[in-house]
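Following the UniProt record's numbering, the residues of the sequence shown are numbered contiguously, the last one being 400.
Below is one structure, written out as structure tokens; the observations come after it.
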Amino acid sequence: MVYYRSAGAIPPKRHTQHRSSEGDLYYEELMGEEGFSSHSSLLYHRAIPSALVDSRIWSIDGGKPEPNHPLKPYHFKLHGLFPGEAWRHADPVRDRRVILGNADVRIAYVAAALPSPLYRNAIGDECVYVESGSGVMESVFGSLQAGEGDYVIVPRGTTHRWLPADGAPLRLYVIEANSHIGPAGRYLSKYGQLLEHAPFCERDLRGPAGPLLADADGDIEIYVKHRVSGGIGGTVFVVPAHPFDVVGWDGCLYPYAFNIADYEPITGRVHQPPPAHQVFEGTNFVICNFVPRKVDYHPLSIPVPYYHSNVDSDEVMFYCGGDYEARKGSGIGQGSISLHPGGHAHGPQPGAYERSIGAEFFDELAVMVDTFRPLEIAEGGRATDDGRYAWSWSGRGPDQ
1 MVYYRSAGAI PPKRHTQHRS SEGDLYYEEL MGEEGFSSHS SLLYHRAIPS
51 ALVDSRIWSI DGGKPEPNHP LKPYHFKLHG LFPGEAWRHA DPVRDRRVIL
101 GNADVRIAYV AAALPSPLYR NAIGDECVYV ESGSGVMESV FGSLQAGEGD
151 YVIVPRGTTH RWLPADGAPL RLYVIEANSH IGPAGRYLSK YGQLLEHAPF
201 CERDLRGPAG PLLADADGDI EIYVKHRVSG GIGGTVFVVP AHPFDVVGWD
251 GCLYPYAFNI ADYEPITGRV HQPPPAHQVF EGTNFVICNF VPRKVDYHPL
301 SIPVPYYHSN VDSDEVMFYC GGDYEARKGS GIGQGSISLH PGGHAHGPQP
351 GAYERSIGAE FFDELAVMVD TFRPLEIAEG GRATDDGRYA WSWSGRGPDQ
């Protein structure tokens, strides 16, 4: 996001001496994208940010994802992943359950009460949607308060941790990219400002408060997710100083939060296609959100979506609030995911098409990810498949 921010103590000129009141020299770190050719920030540490005292394997074993073959749509019931009070023993990083994934993006879910370890995703940016609960995301840039309806964008390589608030599970829907994630390109000027037709603007974005100026004795562990030959690896770095020792930073690369309630929906006389609801994008995928809104006002309009074939993409919808009119009768509810794969024509459930006529407002909340390569079913998806959704338009399955 090309939107300059500055926090804490920084020198007047970059790449020059910056010292404490005692005369100690701070260590400047450039955190930048695309090899010095894109967005970056400069952070000033009290300790050397490269220092390591140990490196060991972090075993990330979610099982091998399986192709969607034979091809069919799915309904996953995510709240079944953390039944009862299982969330009390989970943290927001190590206990994520991957639902779907491909070479470009992984979609995971977690309900947690424990603080996460320090964590760094070195594969790509993360877009974390807070379904419910609240907490704090602390990072080398400072802290972000996060609550229900917040998107939190965490740039690749950012050392951070999640601290859930007491009393209720922090439920996170996590979109992990193998690329960077930013606002839809058509919303941006050539210099990166959000344009007038964009459904949100810079005033809606919350940057981190800080710096945190942590000062911890003893060795510190950082869990790092990174590339290895043939897939994803995990490593635990042990470092001799707390990485939240930053005294100041400035630049255009940092975590930020955006609440879905600040998204201004685009509506029209007839049904608007999903790109009208786009909010973010990464390489080979887009993120859209469907929010409470007035619906089509042509006198002969049909407010629910028309039936459509995803010839170039798989469509993943996470239902996170309200009453989703088009899916009534399917069993889908709060915490559900639907997967409509490329090659399958999908649309409203039986009866919804006619029933929507005359509606003036939809009270629905959903986050959609469209991918341009096929998604595979991961462990968390296999564990929560309702087994019936594919047959919900016909009313009978292969065994009937």
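We put the CB at the ideal spot given by N, CA and C, even for glycine.
{"Query": "Would residue 372 and residue 313 be called neighbours here (beta carbons separated by less than 8 Å)?", "Result": "yes"}
{"Query": "Which residues in the same chain as residue 282 place their Cβ atom closer than 6 Å to its Cβ, once the five residues preceding and following it in sequence are excluded?", "Result": "177, 179, 181"}
{"Query": "I need the boundaries of the alpha helix (DSSP H) containing residue 352, first residue and last residue.", "Result": "352–355"}
{"Query": "In angstroms, rounded to a whole number, what distance separates the CA positions of residue 74 and residue 195?", "Result": "37 Å"}
{"Query": "Round the Cβ separation of residue 139 and residue 209 to the nearest angstrom and send it over; I've been treating them as touching at under 8 Å.", "Result": "So it is not a contact: roughly 11 Å between Cβ atoms."}
{"Query": "Please report how far the alpha carbon of residue 389 lies from the alpha carbon of residue 335, in whole angstroms.", "Result": "15 Å"}
{"Query": "With DSSP collapsed to three states, give me the class of residue 260.", "Result": "helix"}
{"Query": "Whole angstroms is fine: what's the gap from residue 311's alpha carbon to residue 374's?", "Result": "11 Å"}
{"Query": "Answer yes if the segment 254–264 comes into contact with the segment 144–159, meaning at least three C-beta pairs across the two stretches below 8 Å, and no otherwise.", "Result": "yes"}
{"Query": "Return the first residue and the last residue of the beta strand (DSSP E) that residue 126 is part of.", "Result": "126–132"}
{"Query": "Three or more beta-carbon pairs under 8 Å between the segment 376–390 and the segment 57–68, yes or no?", "Result": "yes"}
{"Query": "By DSSP, does residue 149 sit in helix, in strand, or in coil?", "Result": "coil"}
{"Query": "Under 8 Å by Cβ, that's how I've got residue 261 and residue 171 pegged, so tell me the actual separation to the nearest angstrom.", "Result": "The Cβ separation is near 17 Å, so there is no contact."}
{"Query": "Quick one, which of 384, 348, 252 has its alpha-carbon nearest residue 4's?", "Result": "252"}
{"Query": "Using the three-state DSSP reduction, which class does residue 385 fall into: helix, strand or coil?", "Result": "strand"}
{"Query": "Which ranges does the beta strand (DSSP E) cover as unbroken runs of at least 3 residues, wholly within the segment 153–188, from first to last along the chain?", "Result": "160–164, 170–177"}
{"Query": "According to the neighbour-count rule (16 or more other Cβ atoms, all chains shown, within 10 Å of its Cβ), is residue 366 buried or exposed?", "Result": "buried"}
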